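Notes follow once the structure below has been shown.
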Amino acid sequence: MIVATILIAGYYGFHNAGDDAVLHGIITSLRRYDPTVHCRVLSNQPRHTRALFRIPAYDRWNPWTIIRQLKKADMLVMGGGGLLQDVTSPRSILYYLGVVQMAKWLDKPVVFYAQGFGPVRRPLSKWLIRRTLNDIDLITVRDEGSRDDFLRTGVTRPPLLVTADPAMAIDTSLVDAEMGRAILERHRVPTSRVAVVSVREWPTAKVPYKRIFAEGLKRLIEKGWHVVFLPMQHPKDLRPSREIARCLGHGSTVIETPLTVFDILNVIKAADMVVGMRLHSLILAALLSVPAVAFSYDQKIERFSRRVGIPCAGSTQAADEETFIHTLLSCSEHLDEARAAMMPGTDEMRHLALETARRTIEILHRRLGE
467 MIVATILIAG
477 YYGFHNAGDD
487 AVLHGIITSL
497 RRYDPTVHCR
507 VLSNQPRHTR
517 ALFRIPAYDR
527 WNPWTIIRQL
537 KKADMLVMGG
547 GGLLQDVTSP
557 RSILYYLGVV
567 QMAKWLDKPV
577 VFYAQGFGPV
587 RRPLSKWLIR
597 RTLNDIDLIT
607 VRDEGSRDDF
617 LRTGVTRPPL
627 LVTADPAMAI
637 DTSLVDAEMG
647 RAILERHRVP
657 TSRVAVVSVR
667 EWPTAKVPYK
677 RIFAEGLKRL
687 IEKGWHVVFL
697 PMQHPKDLRP
707 SREIARCLGH
717 GSTVIETPLT
727 VFDILNVIKA
737 ADMVVGMRLH
747 SLILAALLSV
757 PAVAFSYDQK
767 IERFSRRVGI
777 PCAGSTQAAD
787 EETFIHTLLS
797 CSEHLDEARA
807 AMMPGTDEMR
817 HLALETARRT
827 IEILHRRLGE
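Structural data, given as structure tokens:
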């Protein structure tokens, strides 16, 4: 029997729990359809990624290492998240498309796995995407908006399917609320009426969103809740978490120590509610049936929230205290209804997340059988 090797590339090894959740979902779902498959990953911190996921990991910045691992692999998976964006700089697109081009030169099948898209502003970026991705084997996207963006950019040749974020395929039977409560207890957090909050910096915000968060969370605390700030990207998310926590005083806790994605899953499972800016705080809440409220800084937040039935309390472009407070209190007072509203969308997205893995393994086996 042939044992296949898949090389996974993405935004890994940057202490971002969301991307670690994506990688965890990709690995477990691929193994569901081929238990013998060997997964390897390109990482910013190979040693950390290797220890966390117990798979071989290699330096994502060394071109000779990338070429060597592509030669050994049977397939390249460009895995999860919004890899194609040029808002901060065009380097991200150049890097990921460069890895794809190397794989094509080596005649390896390439799958873009549950991608978001954009924003992509530069004409050169769009031309490179169109030129490179029209020759790959499969693109799956995590929402309809991303599919439309790919099509508008001119990516029309590969099969292009709307599925779901890979983190939705994580096996929830392995998530332990008791371990989550133990982590909360170590941080002197009560283990009932816990609202986990995920915030991030957003310098181009048009509203004072940290003040809006503070006012809304004060109202939750007045109602007997304890607010726990859970940085999804450490240490980047510590600063906004601390700023808002200082406005709250008693009744809030910032988890200062870095947690693994497995710890974060356990903490969210132990929570009663999630208030999230980070996309994967919302995805993991939905996956674990924890009621949630979204606050958007990017179109991907609204796209996911609409799809799964999570209310959005505002955005960095348009928000007000009254709406934010009303949405928070409404969710906190109707937890069972909020949980029930998420279930149909969540169940569908779990199925779709696994569909990406099934099709990926199908392409791999077809290529190996040639």
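Start counting the sequence shown at 467; every next residue gets the next number (my numbering). Where a beta carbon is used, it is the ideal one built from N, C-alpha and C, also for glycine. Remember, it's a predicted structure, so these values are computed and weren't measured experimentally.
For Asn600, name the three-state secondary structure that DSSP assigns.
If you number the sequence shown from 1, residue 600 lands on position 134. In the structure shown, Asn600 sits in coil (DSSP, three-state: anything other than H, G, I, E or B).
Among Val662, Pro701, Asn600, Asp485, whose alpha-carbon lies nearest the alpha-carbon of Thr719?
As a working mapping, residue 719 is identified with position 253 in the sequence shown. It is Val662.
Does at least one heavy atom of the ligand HEM sit under 6 Å from the Cβ of Trp527?
What this structure holds is no ligand at all, so the ligand HEM is not there to describe.
Within the same chain, show all residues whose beta-carbon is closer than 8 Å to that of Val503, passing over the 5 residues directly before and after it, in chain order.
What you label residue 503 is simply residue 37 of the sequence shown in a count that begins at 1. Excluding residues within five positions, the ones whose Cβ falls inside 8 Å are Val469, Ala470, Thr471, Ile472, Leu496, Arg497, Ile827, Leu830.
Hey, would you say Lys574 sits closer than 7 Å to Val641, going by beta carbons?
For the purposes of this step, residue 574 is taken as the residue at position 108 of the sequence shown. For the purposes of this step, residue 641 is taken as the residue at position 175 of the sequence shown. No, the Cβ-Cβ distance between Lys574 and Val641 is not below 7 Å.
Are the region 618-635 and the region 651-659 in contact at 8 Å, needing three or more beta carbon pairs?
Of all C-beta pairs linking the region 618-635 to the region 651-659, fewer than three are shorter than 8 Å, placing the two stretches out of contact.
Whether Pro438 touches Cys713 by CB criterion (7 Å):
The chain is shown from 467 up to 836; residue 438 falls before or after that span and cannot be answered.
Looking only at C-alpha atoms, which of Ile721, Ala779, Asp525, Glu788 sits nearest to Leu748?
Residue 748 sits at position 282 when you count from the first residue of the sequence shown. With distances taken between Cα atoms, Leu748 lies closest to Ala779.
On the three-state DSSP scale, how would you describe Leu714?
On the sequence shown, residue 714 is found 248 positions in, with the first residue counted as 1. In the structure shown, Leu714 adopts helical secondary structure according to DSSP, grouped into three states.
Looking at Gly545 and Ile474, is the spacing between their C-beta atoms short of 7 Å?
In the sequence shown, counting from the first residue as 1, residue 474 sits at position 8. In the sequence shown, counting from the first residue as 1, residue 545 sits at position 79. Yes, the Cβ-Cβ distance between Ile474 and Gly545 is below 7 Å.
With distance defined between alpha-carbon atoms, name the residue in Leu725, Thr598, Val576 nearest to Gly484.
If you number the sequence shown from 1, residue 484 lands on position 18. The option with the nearest alpha carbon to Gly484 is Leu725.
Mind checking whether Val660 and Pro706 have CB atoms under 7 Å apart?
Within the sequence shown, numbered from 1, the residue matching residue 660 stands at position 194. Within the sequence shown, numbered from 1, the residue matching residue 706 stands at position 240. No Cβ-Cβ contact shorter than 7 Å links Val660 with Pro706.
Helix, strand or coil, according to DSSP, for Ile472 in the structure here?
Counted from its first residue, the sequence shown places residue 472 at position 6. In the structure shown, Ile472 falls within a strand segment according to DSSP collapsed to helix, strand and coil.
Same chain, Cβ closer than 8 Å to Lys672, five either side skipped, listed in chain order
Translated into positions along the sequence shown, residue 672 becomes position 206. Counting only Cβ-Cβ distances below 8 Å, and skipping sequence neighbours, we find Thr782, Gln783, Ala784.
Beta-ladder partner(s) of Gln581, from DSSP
In the sequence shown, residue 581 corresponds to position 115, counting from 1. Its beta-bridge partners are Gly547, Val607.
Would you call the CB atoms of Ala569 and Leu542 closer than 7 Å?
Walking along the sequence shown from the start, residue 569 turns up at place 103. Walking along the sequence shown from the start, residue 542 turns up at place 76. Yes, the pair counts as a contact, with Cβ atoms nearer than the cut-off.
Mapping DSSP to helix, strand and coil, what is Asp615?
For the purposes of this step, residue 615 is taken as residue 149 along the sequence shown, with counting starting at 1. The DSSP-derived three-state label of Asp615 is helix.
Pro697: buried (16+ other C-beta within 10 angstroms of its C-beta) or exposed?
Within the sequence shown, numbered from 1, the residue matching residue 697 stands at position 231. Of the residues assessed, Pro697 falls on the buried side of the cut-off, its CB having 16 or more other CB atoms within 10 angstroms.
Among Arg587, Ile532, Ala580, the one whose alpha carbon lies nearest that of Ser555
Taking the first residue of the sequence shown as 1, we reach residue 555 at position 89. Taking each of Arg587, Ile532, Ala580 in turn and checking the Cα distance to Ser555, the smallest one comes out for Arg587.
In terms of residue numbering, what span does the beta strand (DSSP E) encompassing Ala758 cover?
Taking the sequence shown and counting its residues from 1, the one referred to as residue 758 is at position 292. 758-762 is the extent of the beta strand (DSSP E) around Ala758.
Pull up the distance between the alpha-carbon of Trp668 and that of Tyr524, whole angstroms please.
In the sequence shown, residue 668 corresponds to position 202, counting from 1. In the sequence shown, residue 524 corresponds to position 58, counting from 1. Taken atom to atom, the span from the alpha-carbon of Trp668 to that of Tyr524 is near 31 Å.
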